[in-house]
Every structure is written in structure tokens, then in C-alpha cells.
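S.K.: Residue numbers (this note's numbering): 50 to 354. Have a look at this one.
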Ligand code: XMP
């Protein structure tokens with residue numbers, strides 16, 4: 050396990066040596082890795098670091114507000130409202146991999162503009178040890194936002210948590226006083242809610258998925274899932290009041306896993322499932338039914354797209 054007492058001052062000193070008097074940028078994703086990298090780098094170089102958070106509109110409920118709050122002490126924090134641009138770029142896109150590509154490209158465009166604007170020479174990244182192993186081995190390369198170093202001409206990339214495992218990063222996060230919600234957060238995919246709505250991404254589907262994911266995270270906390278989520282998987286007939294409606298079908302998924310490569314669907318008790326169902330259908334009139342996904346990985350994946 051990492052010795053946080055020595056790791057933190059050493060990391061700060063190293064970043065300071067690397068960046069010196071230059072400017073740096075970091076993309077904040079809301080995840081623990083980039084949060085810790087940003088906190089260490091800000092400690093090292095202060096406002097020479099511009100932390101950039103791009104609000105893609107594909108984030109979890111309250112995520113933007115949470116980031117604003119957590120990092121409000123950084124004067125140089127930039128929050129980019131790119132929600133409309135992402136929706137526009139995704140309009141008509143239904144293929145899962147194409148969605149990922151469109152999101153990745155749009156993200157780079159947004160970030161590149163901010164990096165130029167900040168006159169940054171250095172890129173700070175929250176790459177952790179397993180990310181390096183995975184990209185060296187060529188597995189799941191699409192899972193990380195790739196390509197950034199190629200589009201902006203950075204002098205160098207600074208990766209303060211490159212030798213740490215996830216649980217060690219969480220340890221450092223706690224040591225740095227980053228709120229529990231950041232330190233303990235379950236994994237959330239880079240393309241966000243876009244892979245939790247099947248087919249074209251629309252504002253309406255995103256709103257249903259966002260609220261349902263929030264309900265699921267809250268209600269399943271006691272099961273301590275590795276990942277729990279809800280996805281909008283289609284439309285079906287239902288009855289609301291005296292009317293037959295054609296509403297959304299929301300699928301709830303909760304899995305145990307070690308590394309996300311394989312996963313087991315969790316066994317959830319009936320009362321909890323019913324409570325989730327009644328909250329999701331109760332909070333949104335346009336949801337006609339809620340189902341629970343009992344499929345392990347393999348053969349299913351964790352996300353729906
Ligand atoms: P799957 O759905 O492939 O997910 O079983 C395994 C883990 O990876 C996450 N995931 C992604 N993360 N970009 C990411 O950053 C992606 O495109 C992506 N797709 C899936 C998923 O949330 C799970 O933790």
C-alpha cells in the first residue's frame with residue numbers, strides 16, 4: 050500500500066520540478082484519478098494549472114455541481130458548458146462505437162480550445178498503473194480518452210499517480226481531504242450516459258437515464274455493488290391512469306466485479322427492486338416499466354452499448 054505521508058509531498062515536489070514556471074492543463078472527469086492528479090498538481094503549481102471540466106450533458110445527476118464545489122478552491126478552474134454541442138454532434142448517431150468516437154472527438158475539440166487558451170505547455174493526466182498495463186497490452190484502448198497529446202503540442206505529459214492502483218488513489222484522495230463522494234465513487238464510463246441509452250442520444254432519454262441511475266445508486270448503496278446503473282433500453286406499452294401509454298423501458302443492473310473484465314449480476318431482494326421500480330416509474334410518467342438484468346459478464350457487458 051502507498052505511504053501517503055511521503056507520497057504526497059514527493060509527488061508535489063516532482064510535479065513542481067517538471068512544470069517549473071510553465072502552464073499546465075488537466076481534464077477533470079469527476080472520477081477519483083483525475084481529481085487526485087489535479088489536487089496534487091494544483092498544490093504544486095497553483096494557478097499555473099488550469100483544470101478543465103467539460104460538461105458534456107452525459108454526466109450523472111448533480112455531477113457538475115459536485116465538481117464545482119469540490120474544486121471551488123482552485124481559482125483557475127474552468128467549467129465548459131458543452132451540453133448543446135455534444136447533443137448536436139450525437140444527433141442521428143445510433144451505433145455504439147460511433148457514439149464513442151463522436152464523444153471522444155468533441156471532447157478533444159473542447160479541451161484543445163481550452164488548452165490553447167490557457168497557453169499550456171504541460172498536460173497533467175490521472176493515468177494510473179492499470180491504465181498503463183491495459184494500453185500497453187492493447188486492451189480496451191477505447192476506454193480512455195485517447196489522442197489528447199497528439200492534437201495539442203504539449204512539451205510533456207505529467208502523470209503523478211502513474212504508479213498507483215485504484216485503492217491507493219482512493220487512499221491518497223482521503224488523505225488530501227477530497228470528499229468521500231469523489232474518493233469512493235463507483236466507476237463511470239467516459240462516454241457517460243450515452244452508453245446507457247440504446248440508440249440515438251436525446252435529451253429526453255438522457256433525463257430518464259440520469260434520474261434512474263441516481264435512484265439505483267441510492268437504493269443499492271447497502272449492497273456495495275462494484276457498479277450499479279440504469280439504462281433506457283426501449284419503449285413498451287404501459288397503463289398510466291386510465292390510458293395506455295407507450296413509455297420507456299428502464300433496465301436496472303447491479304454487478305460485482307474485480308476489474309470489470311468479468312462481472313456477476315447481484316442478487317437483490319424483492320422489496321428493494323420494488324422500491325426502485327416505484328421510484329423510477331413514480332418520478333417519471335413516461336417510464337412504462339422497469340426490469341432487472343440478471344445476466345453475468347460474459348455473455349453480457351456491464352454497460353448496454
Ligand atoms: P463493459 O460494458 O465493457 O464495461 O463490460 C466494463 C467497464 O468499463 C466501463 N466502460 C467504459 N469506460 N469508456 C470508459 O471510460 C468507455 O467507452 C467504456 N465502456 C465501458 C464500464 O462502465 C465498466 O466499468
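All residues carry an ideal CB built from backbone N, CA and C; glycine is no exception. Everything numeric in this text was worked out from a predicted model, so none of it was measured.
Kindly indicate which three-state DSSP category residue 196 falls into: helix, strand or coil?
M.R.: Because residue 196 carries a pLDDT of 48, less than 50, the predicted location of this residue cannot be relied on, and the following value inherits that uncertainty. If DSSP states are grouped into helix, strand and coil, residue 196 belongs with coil.
S.K.: Could you tell me the distance, in whole angstroms, from the CA atom of residue 344 to the CA atom of residue 156?
M.R.: C-alpha separation (whole angstroms): 32 Å.
S.K.: According to DSSP, simplified to helix, strand and coil, what is residue 345?
M.R.: Note: residue 345 maps to coil in three-state DSSP.
S.K.: Per DSSP, which residues does residue 295 bridge with? Please list them.
M.R.: 286.
S.K.: In terms of residue numbering, what span does the beta strand (DSSP E) encompassing residue 313 cover?
M.R.: Segment 312 to 314, the beta strand (DSSP E) holding residue 313.
S.K.: For residue 339, which of helix, strand or coil comes out of DSSP?
M.R.: Strand.
S.K.: Quick check: the Cα distance between residue 269 and residue 241, rounded to an integer number of angstroms?
M.R.: Cα-Cα distance, rounded: 19 Å.
S.K.: For residue 202 and residue 170, what's the separation of their Cα atoms in angstroms?
M.R.: If I take the Cα positions, the gap works out to 8 Å.
S.K.: Taking residue 296 and residue 285 to be in contact with their CB atoms under 8 Å, please state how far apart those CB atoms are, rounded to whole angstroms.
M.R.: Confirmed, Cβ separation roughly 7 Å.
S.K.: Assuming residue 86 is part of the alpha helix (DSSP H), what are its boundary residues?
M.R.: Residues 81 to 94.
S.K.: Write down every uninterrupted run of the beta strand (DSSP E) in the segment 132 to 181 whose length is 3 residues or greater and which is fully enclosed by it, in chain order.
M.R.: For the segment 132 to 181, whole beta strand (DSSP E) runs of length 3 or above, ordered along the chain, are 171 to 173.
S.K.: Suppose contacts are defined by Cβ-Cβ distances below 7 Å. Is residue 243 in contact with residue 107 by that definition?
M.R.: Yes, the Cβ-Cβ distance between residue 243 and residue 107 is below 7 Å.
S.K.: Is it true that the segment 225 to 232 meets the segment 317 to 334, where meeting means three or more beta-carbon pairs spaced less than 8 Å apart?
M.R.: They do not touch, by the three-pair rule.
S.K.: Grouping DSSP H, G and I as helix and E and B as strand, with all else coil, what is residue 99?
M.R.: Correct three-state label for residue 99: strand.
S.K.: Can you check whether the CB of residue 276 is closer than 7 Å to the CB of residue 310?
M.R.: No, they are not a contact pair.
S.K.: Examine the Cβ distances between the segment 304 to 320 and the segment 206 to 213 and report whether three or more of them are shorter than 8 Å.
M.R.: Result no; under three Cβ-Cβ pairs closer than 8 Å.
S.K.: With respect to 6 Å, is the separation between the Cβ of residue 149 and the closest non-hydrogen atom of the ligand XMP below this value?
M.R.: Within the cutoff, so yes.
S.K.: For a quick check, are the C-beta atoms of residue 261 and residue 299 less than 7 Å apart?
M.R.: Taking 7 Å as the Cβ cut-off, residue 261 and residue 299 qualify as a contacting pair.
S.K.: So, helix, strand or coil for residue 210, using DSSP?
M.R.: Note: residue 210 maps to coil in three-state DSSP.
S.K.: Could you check which residue in 350, 253 and 75 has the C-alpha nearest to that of residue 161?
M.R.: Checking every option, the nearest Cα to that of residue 161 belongs to 75.
S.K.: Kindly indicate which three-state DSSP category residue 190 falls into: helix, strand or coil?
M.R.: Residue confidence for residue 190 is low, a pLDDT of 39 falling below 50, so the modelled location carries little weight; the figure read from the coordinates is stated next. Reduced to three states, the DSSP call for residue 190 is helix.
S.K.: The beta strand (DSSP E) that contains residue 317, what's its start and end?
M.R.: Note, residue 317: premise wrong, no beta strand (DSSP E); not H, not E.
S.K.: Going by the beta-carbon positions, is the gap between residue 127 and residue 154 smaller than 7 Å?
M.R.: Contact: no.
S.K.: Cβ atoms of residue 175 and residue 82: under 7 Å apart, would you say?
M.R.: Their beta carbons are under 7 Å apart, which means residue 82 touches residue 175 by this criterion.
S.K.: Apart from the five residues just before and just after residue 65, which ones in its own chain have a Cβ nearer than 6 Å to its Cβ?
M.R.: Correct list, in chain order: 93.
S.K.: Note down, in chain order, each residue of its chain lying with its Cβ closer than 6 Å to the Cβ of residue 263, except the 5 sequence neighbours on either side.
M.R.: Result list for residue 263: 110, in chain order.
S.K.: Strictly by DSSP, which residues pair up with residue 276?
M.R.: Per DSSP, 304.
S.K.: Where does residue 234 sit, in a helix, a strand or coil, going by DSSP?
M.R.: Correct three-state label for residue 234: coil.
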